[in-house]
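Chemist: The structure under discussion is supplied below as structure tokens; questions concerning it will follow.
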Amino acid sequence: MILIHRPAQATGPLGQSLDRHVLPPGAPIPDDALWIDMIEPTREEDRLVEVHLNIEIPTREEMADIEPSEILYHENNARYMTVRVLCSSESDTPKLIDVSFILTERALVTVRYGEPRSFSMFMSRAVKPGGCRHQPEAVLDGLIETIIDRAAEILGTVGGRIDRLSQSIFDNEKQGARRAASFRAALKSIGRKGDIISNVRESMVSVERMLLFLSASMPRPQKTAGYQSEWRTALRDVQSIEEHATFLSNKIQFLLDATLGLVTIEQNDIIKIFSVMSVIFLPPTLVSSLYGMNFKFMPELEWDLGYPWAITLMILAAALPYLYFRWKRWL
Numbered sequence: 001m002i003l004i005h006r007p008a009q010a011t012g013p014l015g016q017s018l019d020r021h022v023l024p025p026g027a028p029i030p031d032d033a034l035w036i037d038m039i040e041p042t043r044e045e046d047r048l049v050e051v052h053l054n055i056e057i058p059t060r061e062e063m064a065d066i067e068p069s070e071i072l073y074h075e076n077n078a079r080y081m082t083v084r085v086l087c088s089s090e091s092d093t094p095k096l097i098d099v100s101f102i103l104t105e106r107a108l109v110t111v112r113y114g115e116p117r118s119f120s121m122f123m124s125r126a127v128k129p130g131g132c133r134h135q136p137e138a139v140l141d142g143l144i145e146t147i148i149d150r151a152a153e154i155l156g157t158v159g160g161r162i163d164r165l166s167q168s169i170f171d172n173e174k175q176g177a178r179r180a181a182s183f184r185a186a187l188k189s190i191g192r193k194g195d196i197i198s199n200v201r202e203s204m205v206s207v208e209r210m211l212l213f214l215s216a217s218m219p220r221p222q223k224t225a226g227y228q229s230e231w232r233t234a235l236r237d238v239q240s241i242e243e244h245a246t247f248l249s250n251k252i253q254f255l256l257d258a259t260l261g262l263v264t265i266e267q268n269d270i271i272k273i274f275s276v277m278s279v280i281f282l283p284p285t286l287v288s289s290l291y292g293m294n295f296k297f298m299p300e301l302e303w304d305l306g307y308p309w310a311i312t313l314m315i316l317a318a319a320l321p322y323l324y325f326r327w328k329r330w331l
């Protein structure tokens with residue numbers, strides 16, 4: 001599917017905006033198309049855009065490359081940039097998708113195989129008066145800004161959830177099986193949040209590379225258009241988000257270590273109970289074993305109070321270790 005964004009004919013007092021519509025199958029691309037958004041394009045759609053702008057659309061396999069020279073390059077007066085954008089961040093299975101930006105003098109082309117929230121957010125803003133200037137660089141700048149804002153929003157949400165998770169871990173007053181179940185749930189939650197933070201950090205690293213590439217590759221006339229200063233500001237925002245992601249990663253690691261430590265303490269308490277019970281019942285077992293031996297001459301066998309004596313001895317043998325452990329505060 002191809003989404004075409006064209007300059008809006010009517011410009012309100014608030015500024016310029018874009019019109020958006022889906023390109024019908026087989027229809028030509030309008031000459032005034034400012035942003036061509038390709039969503040899971042077919043080979044025919046690739047060729048249509050390639051002929052229109054005299055460029056090459058990267059394949060999905062080429063977009064997944066990790067070498068900077070393969071995802072950030074200049075060719076035929078067009079700049080090819082591929083970044084990783086967080087997708088499905090509000091679900092239990094967040095993921096990163098590769099998005100290619102192809103910046104030409106006539107239009108911006110984006111190629112993606114997913115629906116990141118940042119794109120829909122920018123589209124909603126671009127169709128409003130003052131939402132986007134009528135330049136390909138302005139569209140690219142708006143998309144970058146929205147991707148960064150979305151990453152900051154995700155980190156803020158995750159940070160709040162981590163704080164609540166930390167409070168629930170350290171204020172856990174549950175006992176027994178319920179306490180163990182809560183620790184298992186906490187470990188799963190820590191893992192999911194760690195994945196989201198890692199994905200945000202990876203996305204911001206790729207955006208940072210793209211901004212550095214843009215700053216170094218833009219021709220001189222466009223450097224005076226003001227986008228260089230905006231991209232430098234975006235670069236500082238990206239670096240700030242990366243630092244915050246590092247802080248949250250350290251906090252996640254601390255919570256993971258703390259949870260595992262509490263689980264270990266819980267297990268040690270259970271093992272301690274079994275150990276104490278074994279020590280308490282060992283002396284009575286020794287007494288019963290002693291009087292259970294088949295010797296011919298055992299004076300206690302002839303006593304009238306032999307049985308009460310053995311029972312009393314076993315109770316004392318069990319009670320004395322228990323009282324000793326209580327006196328030492330081991331129980």
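Residue numbers for the sequence shown follow the UniProt record's numbering, so the first one is 1 and each next one is one higher. Idealized CB from N, CA, C, for every residue including glycine.
(1) Is there a C-beta anywhere in chain B that falls below 8 angstroms from the one on Pro-30?
(2) Assuming Glu-70 and Glu-62 form a contact by the criterion Cβ under 8 angstroms, report the distance between their Cβ atoms to the nearest whole angstrom.
(3) Would you mind reading off the limits of the beta strand (DSSP E) that contains residue 335?
(4) Quick one: residues in its chain with C-beta nearer than 8 angstroms to the C-beta of Ile-252, no 5 flanking neighbours on either side, listed in chain order?
(5) Just tell me which of Ser-278, Ser-289, Leu-86, Glu-56 has its CA closest to the CA of Pro-149.
(6) On a CA-only basis, which of Arg-43, Ala-64, Leu-262, Val-238 is nearest Arg-201? Give me that one, please.
(7) Check whether the stretch 98-112 touches the stretch 35-45, counting contact only when three or more Cβ pairs, one atom from each stretch, lie closer than 8 angstroms.
(8) Return helix, strand or coil for Phe-101, following the three-state DSSP convention.
(9) State the beta-bridge partners of Thr-110 as determined by DSSP.
(10) For Thr-246, is the classification buried or exposed, using 16 other Cβ atoms within 10 angstroms of its Cβ as the cut-off for buried?
(11) Please state whether DSSP places Pro-30 in a helix, a strand or coil.
(12) Report the residue from Leu-214, Glu-243, Gly-306, Pro-41 whose alpha carbon sits nearest the alpha carbon of Ile-144.
(13) Of the choices Asn-199, Leu-3, Glu-208, Pro-7, whose alpha-carbon is the least far from that of His-21?
(14) So, helix, strand or coil for Phe-325, using DSSP?
(15) Using a Cβ distance threshold of 8 angstroms, determine whether the stretch 286-297 contacts the stretch 227-235, with at least three qualifying pairs required.
(16) Using beta-carbon positions only, say whether Arg-84 and Leu-96 come within less than 8 angstroms of one another.
(17) Pull up the distance between the alpha-carbon of Phe-325 and that of Ser-275, whole angstroms please.
(18) In chain order, what residues of the same chain have a beta carbon less than 7 angstroms from the beta carbon of Gly-306, not counting five sequence neighbours either side?
(19) Rounded to a whole number of angstroms, what is the C-alpha to C-alpha distance between Glu-153 and Glu-44?
(20) Check His-134 in the structure and name its three-state DSSP category.
(21) Please look up how many angstroms separate the CB atoms of Met-121 and Thr-157, rounded, as I've assumed it's under 8 angstroms.
(22) Let me check understanding here. Comparing Cα to Cα, which of Arg-47, Gln-9, Pro-283, His-52 lies closest to Thr-59?
(23) Here's the rule: buried if 16 or more other CB atoms are within 10 angstroms of the residue's CB, otherwise exposed. What is Arg-79?
(24) Determine the contact status of Pro-7 and Asp-32, defining contact as a CB-CB distance below 8 angstroms.
(25) Mind checking Ile-55: buried by the 16 CB within 10 Å criterion, or exposed?
Modeler: Walking through what the data contain:
(1) Absent from the structure is chain B; it holds one protein chain and no more.
(2) 7 angstroms
(3) No answer is possible for residue 335: it lies beyond the span of the chain, which begins at 1 and ends at 331.
(4) Ile-162, Ile-190, Lys-193, Gly-194, Ile-197
(5) Just to set this straight, residue 149 is Asp in the shown sequence, not Pro. For the residues Ser-278, Ser-289, Leu-86, Glu-56, the minimum Cα distance to Asp-149 belongs to Leu-86.
(6) Val-238
(7) yes
(8) Strand at Phe-101.
(9) Asp-37, Phe-101
(10) exposed
(11) For Pro-30, the three-state secondary structure derived from DSSP is coil.
(12) Leu-214
(13) Leu-3
(14) Reduced to three states, the DSSP call for Phe-325 is helix.
(15) no
(16) yes
(17) So the alpha carbons of these two residues sit roughly 12 angstroms apart.
(18) Answer for Gly-306: Glu-300, listed in chain order.
(19) 37 angstroms
(20) coil
(21) The Cβ separation is near 15 angstroms, so there is no contact.
(22) Closest by alpha carbon: Arg-47.
(23) buried
(24) yes
(25) buried
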